[in-house]
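Asks:
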Amino acid sequence: MKDIEVLIIGGGPAGLCAASAAASMGAKVLICERNQDLGGQLMIQTGKFFGNKHAGMRGFQIGAELLQEIAAYPQIEVWTGATVLGIYEDGVVTCLYQGEHQKIKPAKIIIATGASENFLSFPGNDLPGVYAAGAAETLVHAGVKPAERVLMVGAGNIGLTVSYQLKQSGVDVAAVIEVMPQIGGYLVHASKLQRCGIPIKTSMTIAEAYGNGKVEGAKIVKLDENRQVIPGSEEDIVCDAICLSVGLSPLAELCWLAGCKMACIRELGGCVPLVDQTMETTVSGVYAAGDVSGLEEATTAMLEGRLAGISAAAALGYKVDQAAEMQEACRRELKTLRSGPMSEKIRHGLEKMAAKRGAVVC
Amino acid sequence: MADQTIVCRCEDVTREDILAAINAGCRTLDEIKRVTRAGMGPCQGRTCRNLIAQELAKIYGISVEDVLMPTFRAPVEPVKVGVLAQAYQEEEGENK
Ligand SMILES: Cc1cc2nc3c(=O)[nH]c(=O)nc-3n(C[C@H](O)[C@H](O)[C@H](O)COP(=O)(O)OP(=O)(O)OC[C@H]3O[C@@H](n4cnc5c(N)ncnc54)[C@H](O)[C@@H]3O)c2cc1C
Numbered sequence: 001m002k003d004i005e006v007l008i009i010g011g012g013p014a015g016l017c018a019a020s021a022a023a024s025m026g027a028k029v030l031i032c033e034r035n036q037d038l039g040g041q042l043m044i045q046t047g048k049f050f051g052n053k054h055a056g057m058r059g060f061q062i063g064a065e066l067l068q069e070i071a072a073y074p075q076i077e078v079w080t081g082a083t084v085l086g087i088y089e090d091g092v093v094t095c096l097y098q099g100e101h102q103k104i105k106p107a108k109i110i111i112a113t114g115a116s117e118n119f120l121s122f123p124g125n126d127l128p129g130v131y132a133a134g135a136a137e138t139l140v141h142a143g144v145k146p147a148e149r150v151l152m153v154g155a156g157n158i159g160l161t162v163s164y165q166l167k168q169s170g171v172d173v174a175a176v177i178e179v180m181p182q183i184g185g186y187l188v189h190a191s192k193l194q195r196c197g198i199p200i201k202t203s204m205t206i207a208e209a210y211g212n213g214k215v216e217g218a219k220i221v222k223l224d225e226n227r228q229v230i231p232g233s234e235e236d237i238v239c240d241a242i243c244l245s246v247g248l249s250p251l252a253e254l255c256w257l258a259g260c261k262m263a264c265i266r267e268l269g270g271c272v273p274l275v276d277q278t279m280e281t282t283v284s285g286v287y288a289a290g291d292v293s294g295l296e297e298a299t300t301a302m303l304e305g306r307l308a309g310i311s312a313a314a315a316l317g318y319k320v321d322q323a324a325e326m327q328e329a330c331r332r333e334l335k336t337l338r339s340g341p342m343s344e345k346i347r348h349g350l351e352k353m354a355a356k357r358g359a360v361v362c
Numbered sequence: 363m364a365d366q367t368i369v370c371r372c373e374d375v376t377r378e379d380i381l382a383a384i385n386a387g388c389r390t391l392d393e394i395k396r397v398t399r400a401g402m403g404p405c406q407g408r409t410c411r412n413l414i415a416q417e418l419a420k421i422y423g424i425s426v427e428d429v430l431m432p433t434f435r436a437p438v439e440p441v442k443v444g445v446l447a448q449a450y451q452e453e454e455g456e457n458k
């Protein structure tokens, strides 16, 4: 059994910021990351960021900066290739690491497991060549061209930016289709695609994928204002891959196992743990930060992680006198980031969470 | 026409299977899981849970937010029995 002060599950932007914040206050930290590399979703993002501190930087560059910060703290231990399997009533956490079933007894736990991509049900969805957009992005990042010509389903920010990355890597993007009557993502991302001649077709959905043993094409259809298929609107798209970017869901299984009170909040992407102003869940000593506590962006995930790290370290007795001010600074920055018109959904979701929890949420 | 669209990839459960289970009286994700095995494969429902929740919401005329979530159990990812057995043996040794 391994004893540790702060266990961080997930080494994405939220987990890494939680680790360096807790360590900077003096706590001993262990990060368990199931992938071979730290950095989470950030490492595959080549687009430039908005926001304050990291504006203009590309995702993977921010990731590299976070890794440097982590490396500077000797009291942070990192396990990669380490999948956390369970959290039990007595506070013991189990983890598959180096082929062995490890047991960890942490004083505080920060769950920062991110999100998983949603799937869509349509005939042919099990043909080889149907990808989640993030999976296609991961392949590109690994130097593998996933296809020659793709159809992208979903025009949110992920659908738009992954389409652009695919195009940059020499993959033809036949079209981006979107079920809603308008484009969901930022206009800057959409115009980049349109300048490359990639059509973005709204009020359209995929009716089926077809092919002999693998994707050879797709049938797409136009929808009316009641989301009913308009007869005769079918179009044929020749492609060898279909990428789905139809949203993400918080990867919150470990929060359920820990016994956290959960609520399904559409604006936050699904079932999330109810957290308070310090990112603590309803289970004392268990915190959640990043996409797992509500789908947002890397910028907010980093701040939430930092806030959770400070809270956990302070609860252990480190730098208690400075903690309140540091927490307040994180909350102020989060508030600024969430003040724009694009964040209305998030604000609404957090209000819902606060109502359910019966306390103010940051 | 039968809907052979795959909803649960791990266990090859089709949309037709899901609708049949609902028609037969299943009202929750857990009940559907027990009858069809949807959500019992390697990904533990990460792919199909939302899709089935949407079907339930549609049929019962409720919001997806109000669909009861299934019970989650450790391990959240598949583990070889040998790994667990080894850990058990070591623990037995420690306790002796
Ligand atoms: C395709 C895509 C493109 C995006 N593009 C942008 C963008 O351009 N700009 C932007 O601001 N945001 C973008 N986002 C959103 C942003 O990436 C996320 O909001 C952010 O990464 C969330 O950080 P996180 O640390 O919460 O989760 P993640 O980055 O997902 O990290 C979670 C980590 O936890 C690990 N993990 C999960 N379960 C376990 C377990 N059981 N045991 C151990 N480890 C585990 C995962 O392997 C992962 O490394 C994008 C998201 C996607 C999917």
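Chains as they are written, first to last, in this note's numbering: chain A, 1 to 362; chain B, 363 to 458.
Beta carbons: idealized from backbone N, C-alpha and C, even for Gly.
Distance cutoff 8 Å, beta carbons only. Does Asp-126 (chain A) sit that close to anything in chain B?
Replies: Walking along the first sequence from the start, residue 126 (chain A) turns up at place 126. True, the Cβ-Cβ gap to chain B drops below 8 Å.
Asks: For chain A, check one thing: does any of its Cβ atoms lie closer than 8 Å to the Cβ of Met-431 (chain B)?
Replies: Sequence index remark: in the second sequence, residue 431 (chain B) carries index 69 (1-based). By this cut-off, Met-431 (chain B) is an interface position.
Asks: Using 8 Å for Cβ pairs, my map puts Pro-250 (chain A) next to Ala-115 (chain A). What's the rounded Cβ distance?
Replies: Against the first sequence, residue 250 (chain A) aligns to sequence position 250. Against the first sequence, residue 115 (chain A) aligns to sequence position 115. Yes, Pro-250 (chain A) and Ala-115 (chain A) are in contact; Cβ-Cβ is about 5 Å, under 8 Å.
Asks: Helix, strand or coil for Gly-455 (chain B) per DSSP?
Replies: Here residue 455 (chain B) refers to the residue found at position 93 of the second sequence. Helix, per DSSP.
Asks: Between which residues of its own chain and Val-369 (chain B) is the CB-CB distance below 7 Å, once the five residues before and five after are set aside?
Replies: Against the second sequence, residue 369 (chain B) aligns to sequence position 7. Val-375, Thr-376, Arg-377, Ile-380, Ala-400, Cys-410, Leu-413 and Ile-414.
Asks: Classify Val-443 (chain B) as buried or exposed, calling it buried when 16 or more other Cβ atoms lie within 10 Å of its own Cβ.
Replies: The count along the second sequence starts at 1 and reaches residue 443 (chain B) at position 81. With fewer than 16 other Cβ atoms within 10 Å, it is exposed.
Asks: Counting C-beta neighbours from all protein chains within 10 Å, is the total for Tyr-318 (chain A) 16 or more, i.e. buried, or is it exposed?
Replies: Working through the first sequence from its first residue, we reach residue 318 (chain A) at position 318. Tyr-318 (chain A) should be labelled buried.
Asks: Restricting to Cα atoms, I'd like to know which of A:Lys-261, A:Ile-87, A:Glu-148 and A:Ala-190 is closest to Lys-103 (chain A).
Replies: Along the first sequence, one-based indexing puts residue 103 (chain A) at 103. Of A:Lys-261, A:Ile-87, A:Glu-148 and A:Ala-190, the residue nearest in Cα terms is A:Ile-87.
Asks: Please go through the segment 184-251 of chain A and give each complete beta strand (DSSP E) segment of 3 or more residues, from N-terminal end onward.
Replies: 200-202, 204-210, 217-222, 235-238, 241-244 and 248-250
Asks: Cα separation between Met-43 (chain A) and Asn-118 (chain A)?
Replies: Taking the first residue of the first sequence as position 1, residue 43 (chain A) is located at position 43. Taking the first residue of the first sequence as position 1, residue 118 (chain A) is located at position 118. Cα-Cα distance, rounded: 20 Å.
Asks: Output yes if chain A places a C-beta closer than 8 Å to the C-beta of Glu-454 (chain B); else output no.
Replies: If you number the second sequence from 1, residue 454 (chain B) lands on position 92. Cβ-Cβ to chain A under 8 Å: no for Glu-454 (chain B).
Asks: Excluding the 5 residues preceding and the 5 following Met-363 (chain B) in the sequence, name in chain order all residues of the same chain whose CB lies nearer than 6 Å to its CB.
Replies: In the second sequence, residue 363 (chain B) corresponds to position 1, counting from 1. For Met-363 (chain B), the predicted structure reports a pLDDT of 44, less than 50, and the residue's modelled location is therefore unreliable. A value from the coordinates is still provided. Excluding sequence neighbours, Met-363 (chain B) sits near nothing in its chain.
Asks: Using the three-state DSSP reduction, which class does His-348 (chain A) fall into: helix, strand or coil?
Replies: Residue numbering aside, residue 348 (chain A) sits at position 348 when the first sequence is read from its first letter. Helix at His-348 (chain A).
Asks: Consult DSSP for Leu-423 (chain A) and reduce its assignment to one of helix, strand or coil.
Replies: As shown, chain A starts at 1 and ends at 362. That puts residue 423 (chain A) outside it, with no answer to give.
Asks: With Ser-163 (chain A) and Val-153 (chain A) assumed to form a contact (beta carbons below 8 Å), what rounded beta-carbon distance in angstroms separates them?
Replies: Against the first sequence, residue 163 (chain A) aligns to sequence position 163. Against the first sequence, residue 153 (chain A) aligns to sequence position 153. Between Val-153 (chain A) and Ser-163 (chain A) the Cβ distance is about 11 Å, and since that is not below 8 Å, they are no contact.
Asks: Using DSSP bridges, identify the partner residues of Ala-27 (chain A).
Replies: The residue given as residue 27 (chain A) occupies position 27 in the first sequence. None; Ala-27 (chain A) has no bridge partner.
Asks: Just curious, the alpha helix (DSSP H) that Lys-395 (chain B) is in, first and last residue?
Replies: Your numbering for residue 395 (chain B) matches position 33 in the second sequence. Looking at the DSSP string, the run of the alpha helix (DSSP H) that includes Lys-395 (chain B) is 391-398.
Asks: Taking DSSP as the reference, what is the three-state secondary structure of Gly-270 (chain A)?
Replies: In the first sequence, counting from the first residue as 1, residue 270 (chain A) sits at position 270. Here Gly-270 (chain A) sits in strand by DSSP.
Asks: Look at the Cβ atom of Ile-177 (chain A), then the Cβ atom of Ala-190 (chain A), and state whether they are nearer than 8 Å.
Replies: Residue numbering aside, residue 177 (chain A) sits at position 177 when the first sequence is read from its first letter. Residue numbering aside, residue 190 (chain A) sits at position 190 when the first sequence is read from its first letter. No, these two residues do not count as a Cβ contact at 8 Å.
Asks: If you draw a straight line from the C-alpha of Cys-362 (chain A) to the C-alpha of Leu-16 (chain A), how long is it?
Replies: What you label residue 362 (chain A) is simply residue 362 of the first sequence in a count that begins at 1. What you label residue 16 (chain A) is simply residue 16 of the first sequence in a count that begins at 1. Bear in mind that a pLDDT of 44 at Cys-362 (chain A), under 50, signals an unreliable position, so the model cannot answer this.
Asks: Return no unless some Cβ of chain A is closer than 8 Å to the Cβ of Asn-412 (chain B).
Replies: Walking along the second sequence from the start, residue 412 (chain B) turns up at place 50. Yes, Asn-412 (chain B) counts as interfacial toward chain A.
Asks: Closest by CA to Val-272 (chain A), which one among A:Ile-8, A:Glu-33 and A:Ile-111?
Replies: Here residue 272 (chain A) refers to the residue found at position 272 when the first sequence is read from its first residue. Val-272 (chain A) has its Cα closest to that of A:Ile-111, out of A:Ile-8, A:Glu-33 and A:Ile-111.
Asks: Can Gly-269 (chain A) be considered in contact with ligand 2, in the sense that its beta carbon sits closer than 7 Å to one or more heavy atoms?
Replies: Among the ligands in the structure shown, ligand 2 does not appear; only ligand 1 can be found there.
Asks: Could you tell me if Val-360 (chain A) is buried or exposed, where buried requires 16 or more neighbouring beta carbons within 10 angstroms of its beta carbon?
Replies: Along the first sequence, read from residue 1 onward, the residue named residue 360 (chain A) stands at position 360. The predicted position of Val-360 (chain A) is uncertain, since its pLDDT is 49 and thus under 50; no value can be drawn from it.
Asks: Under the criterion of a Cβ to heavy atom distance below 7 Å, does Arg-34 (chain A) qualify as lining ligand 1?
Replies: Residue 34 (chain A) sits at position 34 when you count from the first residue of the first sequence. Yes; taking the cut-off as 7 Å, the Cβ of Arg-34 (chain A) has a heavy atom of ligand 1 nearer than that.
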